[in-house]
Amino acid sequence: MTATTGELTTAEQVREAIMDARRDVTPVEIRSGGSVLDRLPTGDHPVLSVAGMTGVVAHAAEDLTVTVRAGTPLTELSQVLADAGQECPIEPTGGAGSTVGGRIATALAGPRQLGAGRVRDWLLRIRFVTGAGQIATAGGVTVKDVTGYDLCRLMTGSWGTLGVITEVTLKLRPLARHRAWYATDRPRHDLDALLYRPSASITTRERTHVLLEGHPDDAAEQAALAALVPADPPTLPVTARASVDPARLVGLVEECETLGLVWAAQDGVGVCHLDGDGDRLDAARTAAEKRGGALLVLDPHLQRPAFGSRGSSPIDERVRRTLDPDAVLAPWRWTR
Amino acid sequence: MTTTEGARRRPWARRAAAKAGPLPWLEAGSGLTDRERALLTAVHGLVGDDGLRAGELGRATYRRDASFLNADPLGVALPWTVEQTAAVVRACRDHGVPFTPRAAGTGLAGGATPTGEGGVRPLVVSVARMDRLRELDVTNRRAWVEPGLVNARLGRAAAVHGLRFAPDPASQIAATLGGNVSTNAGGIHVLTYGVMSQHVLAVELMDADGVVHLLDGTAPELAGIDLRGVSVGGEGTLGIVTGACLRLLPAPPSVGTMLAGFPSLRQAAAMVGDLVTSDRLPDAVELMDARAVGLVEGYANAGYPIDAAAVLLIEFEGLPHAVAAGIDTAEALAQANGATSVTRAQDAAERARIWKGRKAVAGAIAKRAPDFFLQDVVVPRSRLGEMLDAVVAIGERERLEILNVVHAGDGNLHPFVLFDRREQGVLDRVFAAGHDIVTTALDLDGTVTGEHGVGIEKRDFLSQVFSEDDLAVQRAVREAIEPSGLANPDKVLPSTVGCLEARMVPEGAWV
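Residue numbers (our numbering), protein chains in the order written: chain F, 3 to 338; chain X, 2 to 512.
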């Protein structure tokens, strides 16, 4: 890939880069911190990077909101919030250099998605530049807002294909007083009736790992009730991740086990992290797609497409064509 | 474990649907255009006598939702099934007549008011009869519902299995889940549980060709662009919600509820700020001013301190130590902010009594004034005190009694403007007050609707919230999803074609 856009620091510059791409009929690849997208096979395309758009614009602690520019590393944001005893539980997904914009654009589940909800649920306002070059804002800085169509959700998980995210306002919450990982040999479904809304539950071949957050006495009682023992957090495989309806996760995991893949499953969420060679991952992709899901290959050294063969609906296509009429924003995203 | 609630069969209705009786409203002198007559005849053939209201009386009850905004529909189709709905929608398309989706009609912004551009009367398509709980999946904590299912009925069905459906708008005993999806409804427990969108896993959206699209499946990521998210809050303009998969949560093992009285609105507002920045976020923080308290206390006897200028209801849910610590913190903060009374609910009965007061507001108002105009604005929580003062000033200026009921934890105000429509000229003052409340919220970095929706009422304020480019993008997305323009035209976005049909006047005595 070749870098062409230089250091973009404003939405206006992003707009100019997009207008250049439209004029030259040269689609661009979108980058932020590179923690996910840099690991995808890209081909030789110019890169539009928002990595230079960093910094917290406004942290309104009393309103439980923060406005932050898209290229800001999540670690930097977390530090600012932690200093005020707050957090936004959208988390890095394994790679170093995760940025706020990248997390919103990819919407991959973090380890605590079970308790904290989806990435999309933490987004209040978004500023972005469409593929047509319009600078737009959707949503607002209040925690409730149904003014106009919910383009915050539309942009979350759009992988840079509809517009380039330049700034977001996120919802915050107080940091939990206590936070600890536990483990047990009991299967996860035994735990459902015992544990009240754990923050994370991750099953590996050996055991089930549980993250409890909140009041320390509650955590102690919950751990005793379910016979959990303190443990280190699980190490998640990083080669690929599959996503299926959570009700079909157990079936997928069984198939991955049979295939000889190393796996860690986010119970109740529907994500399965995988390590293994290309042929096994091909089979895992088939297994995920058979269940109505998908598989993302994160290791660029595997000669495999990052995404599977995704069918897209006519409405998807119309929305894409409307926001990116000349198909300049990574039009290859879902096919490579 | 999976259970399915038995479908309520209505064989009499199906028989009625098959019968074709005389159609007085189709006869000469009814004022119908050829196109309107052709559509009504086609729809009658699809849903029968029982499924079509096109006479004057039948249309009258569908002129509006729970707002004042009203308009005369061409007719009202009441299909029993998704297939019938699809056929009705296709008939609208074939005849080039717009349609206005609707369920219980509890909306407050005119989203279900049947207006059309250029004097075209739309057909109301009610989904209220499609009211089954299709599947309650206890193991995976979710439910597939039809759009006409009433919110509280899902709650009761879930409670049997130790589960709950979190969104709890005040209208939940009547409001349907299809309507809740379409307006992205809120409620009392939004502070930690979030608005409707967070509880909608998938939506079945019927387009203007009658084709149902599943948006977007139930996988957690890599599922394509989130059209589900756009359809939630689409207010019927993107199509008809014909089904949804909703997230259920385990019922909390412990609940703590507290009632605190304050000598001023400002002190109560300061308390809200302190609560929100404490180390445990409450699950509900509701504020009522002295007028609201006085009214409900005489009506519901909920035990509220009637000498307080403002009352806060604070609730914590979850595991017992966290709840107890939260309530302790809240009590300490209340004392620090000058609370004149603090009551903790000792048991479920006392908790129910405290909430009864909050939920009785709309009913209690009937004892005070024949009409009320309910507003819905949001400000950042730190501006709550300023906003409450402004509402008081607006009430004084317009010589109107305004009650403040506030989802304080969210900064979401619901001022009730009381009036009597028989009073000469009062409506101008009511609407002036409503307008000023909205513009004040905007001045305080707030927004024009938090949970009731834009509908028609707030539509023209959008130009003050968003830039032309912002609105152009919204319009483009709407047209991409619903290219026909037949689905609930004239709602949500400011019109680009000028003057519109609906007027904001109460029906009845208004002449």
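Backbone N, C-alpha and C define an ideal beta-carbon position, used for all residues, glycine too.
Under the three-state reduction of DSSP output, X/Lys459 falls in the coil class, being neither helix nor strand. Among the residues of chain X, none has a CB under 7 Å from the CB of F/Thr168; the nearest is roughly 13 Å distant.
Here the region 230-241 of chain X makes contact with the region 480-498 of chain X; the two share three or more CB pairs at distances below 8 Å.
Tyr198, Arg199, Gly216, His217, Asp219, Asp220: these are the residues of the region 196-221 of chain F whose beta carbon lies less than 7 Å from some beta carbon of chain X, given in chain order. The beta strand (DSSP E) runs lying completely inside the region 32-93 of chain F and spanning 3 residues or more are 48-51, 58-62, 67-71, given in chain order. Looking from the CA of X/Glu57, the closest CA among X/Gly240, X/Val324, X/Val77 belongs to X/Val77. Going by DSSP, F/Trp265 is part of the beta strand (DSSP E) stretching over 264-268.
Taking the Cα positions, X/Ala291 is about 52 Å away from F/Gly99. F/Tyr184 has a beta carbon lying at 7 Å or more from every beta carbon in chain X.
Minimum Cα-Cα distance from F/His61 among the listed residues F/Leu83, F/Gly294, F/Gly54, F/Gly45 corresponds to F/Leu83. Among the residues of chain F, none has a CB under 7 Å from the CB of X/Ala331; the nearest is roughly 13 Å distant.
Contact of F/Val271 with chain X is assigned, a C-beta pair being separated by under 7 Å. Using a CB distance below 8 Å, the part of the region 274-290 of chain X facing chain F consists of Gly274, Val277, Thr278, Ser279, Asp280, Arg281, Leu282, ordered along the chain.
Here F/Pro333 has Pro29 as same chain residues with Cβ atoms under 6 Å from its own Cβ, once five neighbours each way along the sequence are excluded.
With the criterion set as a beta carbon lying under 9 Å from some beta carbon of chain F, the members of the region 168-192 of chain X are Thr184, Asn185, Ala186, Gly187, Val191, Leu192, in sequence order.
The region 294-306 of chain X and the region 211-228 of chain X do not touch, with fewer than 3 CB-CB distances between them shorter than 8 Å. DSSP places F/Arg25 inside the alpha helix (DSSP H), whose first and last residues are 13-26. Residue burial annotation: X/Gly49 is buried, with at least 16 other C-beta atoms found within 10 angstroms of its C-beta.
Beta-bridge annotation (DSSP): F/Met157 is not paired with any residue. Remark: fewer than three beta-carbon pairs, one from each stretch, lie closer than 8 Å, so the region 46-55 of chain F and the region 110-122 of chain F are not flagged as touching. Of all alpha-carbon atoms in F/Val166, F/Val145, F/Ala225, the one lying nearest the alpha-carbon of X/Gln199 is that of F/Val145. Per DSSP, X/Met207 lies in no alpha helix (DSSP H) segment; the continuous beta strand (DSSP E) that holds it begins and ends at 201-207. The way I'd put it, the region 160-173 of chain X does touch the region 183-203 of chain X; three or more beta-carbon pairs between them come closer than 8 Å. Any Cβ of chain X closer than 7 Å to the Cβ of F/Arg33 would place that residue at the interface, and such an atom is absent.
Across the region 435-446 of chain X, CB contacts with chain F closer than 8 Å involve Asp446, in sequence order along the chain. Within chain X, Asp280 have C-beta atoms less than 7 Å from the C-beta of F/Arg179, given in sequence order. F/Asp247 and X/Arg143 have their C-alpha atoms spaced approximately 12 Å apart. Nearest to X/Asp210 by alpha-carbon distance, out of X/Ala55, X/Leu239, X/Asp217, X/Arg60, is X/Leu239. Residues of the region 454-475 of chain X with a C-beta atom less than 9 Å from some C-beta of chain F are Gly454, Val455, Lys459, Phe462, Leu463, Val466, Phe467, Ser468, Asp470, Asp471, Leu472, Ala473, Val474, Gln475, listed in chain order. Taken through DSSP and simplified to helix, strand or coil, F/Asp234 comes out as coil. Note on geometry: alpha-carbon atoms of X/Leu27 and X/Asp51 lie some 16 Å from one another. Contact of X/His415 with chain F by beta-carbon distance below 9 Å is absent, the smallest such distance being about 11 Å.
Linking F/Leu10 to X/Leu463 through their CA atoms gives a straight-line distance of about 30 Å.
Against X/Leu247, chain F offers no close residue; the least beta-carbon distance is about 14 Å (beta-carbon pairs closer than 7 Å).
Cβ neighbours of X/Met272 within its own chain (closer than 8 Å, five residues either side excluded): Ala261, Phe263, Leu313, Leu334, Ala335, Asn338, Ala340. Here F/Arg24 really is in contact with F/Gly135; their C-beta atoms are around 7 Å apart, less than 8 Å.
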